[in-house]
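Notes to accompany the following structure.
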Amino acid sequence: MTECSLHLADERSRSPILNFSYAATDFQLGSVIQVERYDPQTDSWTIMPAMLTKRCRLGVATLNGKIYVCGGYDGSTFLQSAEVYEPVAKRWSYIAPMAVMRSRVALAANCGKLYAIGGYDGVSNLSTVEVYDPHTDQWSFVAPMCAHEGGVGVGVIPML
């Protein structure tokens, strides 16, 4: 059985990931998730280092020139782990895990922090929201959503 979907992270700022889009395709059972980088200048894809944990239904966002992933499902367990990819070093490393397992989680960057919104913990859809501070490497809870939602879509509109 193969499960496949595409998650994109894209950032247009002064950073090492400038002008590239990154895609993570969900794993086939038994293999690690693959990450690829798209270069619009050459119209080509490059395989990047694999994440440390195989996961599907994950949250992905960019912040401060790095790519963050959190939560998901590894084929047998709902995950609360999180990782960061540093393009200059070309490597993944673990960051503090979330307090709650979250599959189908939405991850958004705003005001220098990451927000893990909703998801599914293996039993029920979640209305809780956790915020990650990269300076302290800690997650904390903020106000929950009004509804219990899994598979939430999220976007951030910068104030001009």
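With the first letter of the sequence shown counted as 1, position 102 gets the number 204 in the working numbering; the numbers rise by one all the way through. For glycine and all other residues, C-beta sits at the position ideal for the given N, C-alpha and C.
- prompt: Leaving out the 5 sequence neighbours to the left and right, which residues in its chain are closer than 6 Å to Tyr196 when beta-carbon positions are compared?
  reply: For Tyr196, where only same-chain residues beyond five positions count, the Cβ hits under 6 Å are Glu185.
field: Thr148 versus Asp235: straight-line alpha-carbon distance, rounded
entry: Cα-Cα distance, rounded: 30 Å.
Check whether Lys156 and Ile169 have beta carbons under 8 Å apart: In this structure, Ile169 does not lie closer than 8 Å to Lys156 by Cβ.
field: 8 Å Cβ cutoff met for Arg159 and Ser205
entry: Going by C-beta atoms, Arg159 is nearer than 8 Å to Ser205.
- prompt: To the nearest angstrom, how far is it from the Cα of Ile259 to the Cα of Ser178?
  reply: Rounded to whole angstroms, Ile259 to Ser178 spans 36 Å at the Cα level.
task: Check Met203 in the structure and name its three-state DSSP category.
output: In the structure shown, Met203 sits in coil (DSSP, three-state: anything other than H, G, I, E or B).
task: May I have the straight-line CA-CA distance separating Met153 from Pro199, to the nearest angstrom?
output: Met153 and Pro199: Cα-Cα distance of roughly 15 Å.
query: Excluding sequence positions up to five away, which residues of its chain have a Cβ less than 8 Å from the Cβ of Val231?
result: Closer than 8 Å at the Cβ level, and outside the excluded window around Val231, lie Tyr217, Ala218, Ile219, Gly220, Phe243, Val244, Ala245, Pro246 and Met247.
- prompt: Alpha carbon to alpha carbon, how far is Phe180 from Ser226?
  reply: If I take the Cα positions, the gap works out to 12 Å.
task: Using the DSSP secondary-structure output, state which residues sit across from Phe180 in a beta bridge.
output: Per DSSP, Tyr175.
- request: Just the C-alpha distance for Ala210 and Thr238, rounded to the nearest angstrom, thanks.
  value: The straight-line gap from Cα to Cα measures roughly 18 Å.
task: Compare the beta carbon distance of Val233 and Lys215 with 8 Å and say whether it is the shorter of the two.
output: Yes, the Cβ-Cβ distance between Val233 and Lys215 is below 8 Å.
field: Cutoff 7 Å; reference Asp223; Cβ partners in own chain excluding five residues on either side
entry: Apart from sequence neighbours up to five positions away, the residues of its chain that approach Asp223 with a beta-carbon distance below 7 Å are Phe180, Val202, Met203 and Arg204, ordered along the chain.
- request: Would you mind sorting Met150 into buried or exposed? The rule is 16 or more other CB atoms within 10 Å of its CB.
  value: Buried: at least 16 other Cβ atoms inside 10 Å.
query: Ends of the beta strand (DSSP E) at Arg193?
result: Its beta strand (DSSP E) spans residues Arg193 to Ile197.
message: Can you give me the C-alpha to C-alpha distance between Asp141 and Gly167, rounded to a whole angstrom?
response: Each residue's Cα considered, the two are about 16 Å apart.
message: By the three-class DSSP mapping on this structure, what secondary structure does Ala249 have?
response: DSSP places Ala249 in coil when its eight states are reduced to three.
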